[in-house]
Amino acid sequence: SREAIDLPVSLLVLHYQILSMDSFHSVLIDESMQILEPQDMILAILRCHPLIQVDVHCQLGPVVMCKTAAWEESFQSLFERLLLLGNRPIRLQVQFDRLPTVYTFCNVLYEGSLQYGVTELQCMIHVILGCHQVNDPEQPVQNAEDLSIDSITQDDLPEYACAYCGIHDPACVVFCNTSKKWFCNGRGITKGSHIISHLVRAKANEVTLHKDGPLGETVLECYNCGCRNVFLLGFIPAKPDSIVLLCRQPCVTRSDLKDASWDPSEWQPLIQDRQFLSWLVNVPTDQDQMRSHKITAQQINQLEELWKEYGPDPTPEDLEESDIDEEPEQVLLRYDDAHQYQNIFGPLVKLEADCDKEETVDNVVVRWDVGRNKKRIAYFRLPQAYNNMKLMRGIEVRIRYVGDEHEPWSGDGHVIKIPDNFSQEVAIELYSTAGRSAKCDCTHSFVVDFVLKSPSFDRMQAALKTFAGDEMPVSGYIYHKLLGHDVEDVELKCTLPERFSVRGLPELNHSQVNAVKTVLQRPLSLIQGPPGTGKTVTSASIVYHLVKQNNGPVLVCAPSNIGVDHLTEKIHKTGLKVVRLCAKSRETIDSPVSFLALHNQIRSMDDAPELSKLEKRQDETGKLSFKDEKRYRALKMRCEKELLQDADVICCTCAGAGDPRLARMQFHSVLIDESAQATEPECMIPVVLGCRHLILVGDHCQLGPVVVCKQAARAGLSQSLFERLLLLGIRPIRLQVQFRMHPALAAFSSNVFYEGSLQNGVTAAQRQRKNFDFPWPQPDKPMFFYSTNGQEEIASSGTSYLNRQEAANAEKLVTRLLRAGIKPEQIGIITPYEGQRAYQVQYMQHSGSLNKKLYQEIEVASVDAFQGREKDFIILSCVRSSQHQGIGFLNDPRRLNVALTRARYGMIIVGNPKVLSKDPLWNHLLTYYKEQKCLVEGPLTKLKQSRIQLSQPRKLVNSTNPGGPFMSNTMFDAPELLVPGSVYDKEGHATHAHQRLERWTASETGPQQQTLAEPAVPSTANPKVKPAWQPLPWKPGPAWPVRTYPQSDDTPNPWWEQRRCIGIRTTAAKLEQESETPGCERYKWRWRS
């Protein structure tokens, strides 16, 4: 009857037939997820034992036609609710119906627990034979060797077979000159072809075609200069029936190309869409790719790691025996004790340290020079394969001579210059002893070892060990709060100052005063500082009042040296005694606060003459006698100790807080700026120095910590302590008045990332330049999106991208700004890719119509480099323009938020709106620009509104935290987090940031209403006095109902300790995430379009 009539009727018919029976021994209900709970109850009342329900909650649920009933969630099935109550389902784990590679993604919804009962060979044979069930034993197996090569061993394949998949068509394979292996030009089940995937991972760029291929045995190289980097090579039609290979830089841009009748505008790269052009290397046929061995991107990474560790012998068959894919334990939201905390974070720190290891560059050509301090400096250029290396000033370097002309030599030093607009050279300053013996008459045959593994990882491990030690290094309240334990909030006894603003600093606004006042009374505080809201001034004011109230010194930290320098400068203006503690490798690097550095303040002390005398002797002779060395160390240690103990404030990086010079000091008050950019173990270094009062300042809606190791990042190391405390329900104090941007530039970020709560401390007139001739589409809105359809290309390193058309348009915009009277230092170009940064700099130098020196002074940098900084005018080059490769990490909303909030007077975005609009957040941004009539195309002298048709923006969920659904997946499932401005009332209207906020919760006693305190607003008692800030236009978003369920008493495990959700169930109206753990404290139901 279930096949003849619909399900509800069949259940009713069944009910009438069995109503007279007392009970059933057992009842089984199939497809129970598609049955409404009231219909399920028809069978439940029969007192059956057992009741068996069969279905999967990750597939479609009941269909409800009535929208009112659907909104009230009456469509929930009994199967689903029993899961929420903690009943663990028995999962069937072996599937027989689908090709394993087809089912790979679906397995993600089941935590990767599904196993495959059939092989790819069986699937393909039975599909060809027309068999529906691939596990049918009655079907014969015929010509298996023609359908798959899985049964063929590696030894049976020819030498030129693809090392990934086994394809061995000579026209489809390419030889890597570096690894001496063959790879095909097919994608398989990955985004890029196998040869490109290998070249990128192996940092190789030279290839040779097969001798039996269409072009014969050919080494691909530039016709003009002989460059063999395939990521730089392209072609230009030379004659109707021939082409010429030329490299992108510098040959295509040479002026003598016109004399050869070659048109540079027709140059196209050999690699497009991460695949060699098909006329150069054939793409394997679909039949060949179906027969080949299927290998995923993750397996490719594992195989490349095996080759690095064990040589060229491992094959894809060895992946099953390797243990590379073992995942570390996930970080938790709450921890039982500090030992569990250390046991989870310790291995993650080790993974990151092992990944961030020493990097060696061979065949380096060195140019020698002598600096002002008479120390030797070695200049050299990094090879193109290392263009993406993360270099910073101050890192340790060892340079070695390995040639035959002289004896082997090595010397240590540190980086003092990295590639910039003026030069692509790296500069190393050698230490005194190494500089005297340097082989300055040699320029070739050098090797440079970058010792990227800094002592910061050892200090993180030491901090974790201290935190888990027998003696509690922090107060009891901080200890339990950091572990996520439920403890009663306490209030510090302190005398609040009559005036919170500090002499020497700007006057504080209402939100800053509220932040200072609140922090002084709480032992643990979070301050969220959106862009341009003056968090540095607020932090300096807090430090000043802490010093005036406490006896001990205050420790001020940040993860970056630039952040520490900015804060040190502000605190110094308050009149406090400040000491800037630097790493010894940075003592020779100039900064705005060098005069406050510990090593420089020593020179003004009484023992300074004797110290200077000993230092001079050491520089002259290379070393001191044993007696003088002992005297020198004693004098220096005594001076450093005296300065540190007399200081009111000590400023250093988070890693610098583990310096041995601070080991015996206790800091009861610790302030960590930019804390959302630091990993949690990094924040623990200053915390374990006796913290009793902890202030974390940051913004989780901007860029987070940089974690190199992907395994550690997946396990949660990329989540900051600021974010985790936010998830635990500690409400941040948000600074709400921004003084940086033109109000029109601030509107989108405020509404999307901060619930429209940002107010403007500057007016449009204050951010509008007079007598400024620039073609803004809307004169009152200094912004526009410049539609560009340029082609994205792989950069010379193979790991980055560039877009030549966008670079050309950015140069035109820069030139127009310069002609309008804007100074070069007022302009910044932001691009997320290093390849585009390098190309943009070179393009402006070569093709710019103005003086080259003007273009040299324009800063071109990544989003990360611009965080915390500002320019009057910002040009954002998006680069990505492929219909198949996606938009990469442009989809990171935090990166977008930072890029949009760097400009003060004007913002221009250059990109491909058709590609970018596929991302929901970018679609919102493009729709916003189009509504403001700022989405334009055409030449700058004649801009017109773009005719592109954008899809209707999907509703963005924002029910947990500012920008929560964009920032981190873990933010989605935080039931305890409630931030003012992000909660919607039951009627479906969003509450304003200055209105009462209501939260509906479901408990045993029914719905209850909780009211949060209103944020402080400036007094308007005097109507003649107008506030300096102006509220931004704010649009209410959609209402998302939130339902919560109480925790059951019989299951002690909290739901947040689970590593992943057990699945995602999709219907036409709802996408919900739910946890398998029994006894969940509460569950949120979210509605999306």
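At position 1052 of the sequence shown the residue is numbered 1052 (UniProt numbering), and the sequence of numbers has no breaks.
Glycine is no exception: its CB is placed at the ideal position from the N, C-alpha and C atoms.
Its chain contains Gln-666, Phe-667, His-668 and Ser-669 as the residues whose beta carbon lies nearer than 8 Å to that of Gly-552, once the 5 sequence neighbours on both sides are disregarded; these appear in chain order.
In this structure, the alpha-carbon of Val-283 lies about 6 Å from that of Cys-172. Under the three-state reduction of DSSP, Phe-739 is assigned to coil, being neither helix nor strand. For Ile-196, same chain residues with a beta-carbon under 7 Å away, outside a window of 5 residues either side, are Ile-271, Arg-274 and Gln-275 in chain order.
Looking from the CA of Asp-489, the closest CA among Val-707, Leu-382, Trp-307 and Pro-523 belongs to Pro-523.
Ser-594 and Gly-186 have their C-alpha atoms roughly 56 Å apart.
Within the model, the alpha-carbon separation for Ser-113 versus Gln-93 is close to 6 Å. For Thr-466, the enclosing alpha helix (DSSP H) starts and ends at 456 to 467.
In the three-state reduction of the DSSP assignment, Met-907 falls in the strand class. Here the alpha carbons of Gln-53 and His-25 stand approximately 15 Å from one another. Nearest to Asp-648 by C-alpha distance, out of Leu-555, Asn-600 and Ile-589, is Leu-555. Between the beta-carbon of Ile-874 and that of Ile-830 there is about 6 Å, and that keeps the pair under the 8 Å contact cut. If you draw a straight line from the Cα of Met-783 to the Cα of Pro-777, it comes to about 8 Å. For Thr-536, the secondary structure class from DSSP, reduced to helix, strand or coil, is helix. Ranked by how close their Cα comes to the Cα of Ile-35, the residues Pro-312, Pro-62 and Gly-411 have Pro-62 in first place. With a threshold of 16 other beta carbon atoms within 10 Å, His-480 falls short and is exposed. Under DSSP, the beta-bridge partners assigned to Thr-653 are Ala-558. By the neighbour-count definition (other C-beta atoms within 10 Å, threshold 16), Ile-90 is an exposed residue. The straight-line gap separating the alpha-carbon atoms of Gly-656 and Leu-644 is approximately 14 Å.
When secondary structure is reduced to three states using DSSP, Val-578 falls in the strand class. The Cβ neighbour count for Tyr-310, taken over all protein chains shown within 10 Å, is under 16; the residue is labelled exposed. Pro-497 and Thr-538 have their C-alpha atoms some 15 Å from each other. Sequence-distant Cβ neighbours of Val-814 in its own chain, meaning closer than 8 Å and more than five residues away, are Ile-827, Ile-829, Met-844, Gly-848, Tyr-855, Ile-858 and Ile-875. Between His-210 and Phe-175, the gap from beta carbon to beta carbon is short of 8 Å. Taking the C-beta atoms as reference points, Val-879 is found nearer than 8 Å to Tyr-833. Spanning the alpha carbons of Ala-663 and His-599 requires a straight line of approximately 18 Å.
Measuring C-alpha to C-alpha distances from Thr-653 to each of Glu-642, Arg-819 and Met-684 identifies Met-684 as the nearest.
With a threshold of 16 other beta carbon atoms within 10 Å, Leu-926 meets it and is buried. In this chain, Trp-182 is not harboured by any alpha helix (DSSP H); it is covered by the beta strand (DSSP E) spanning 181 to 184.
Secondary structure note for Ser-787: its beta strand (DSSP E) is the uninterrupted segment 783 to 787. With a contact defined as Cβ atoms closer than 8 Å, Gly-394 and Val-415 qualify at about 7 Å. According to the DSSP assignment, Gln-845 belongs to the alpha helix (DSSP H) that extends over 834 to 847. Rounded to whole angstroms, the separation of the alpha carbons of Lys-955 and His-924 is 9 Å.
In terms of Cβ geometry, Gly-716 and Val-219 do not form a close pair [threshold 8 Å]. Boundaries of the alpha helix (DSSP H) around Ser-197: 194 to 202. Cβ atoms of Val-737 and Ser-511 come within 8 Å of each other, at about 6 Å.
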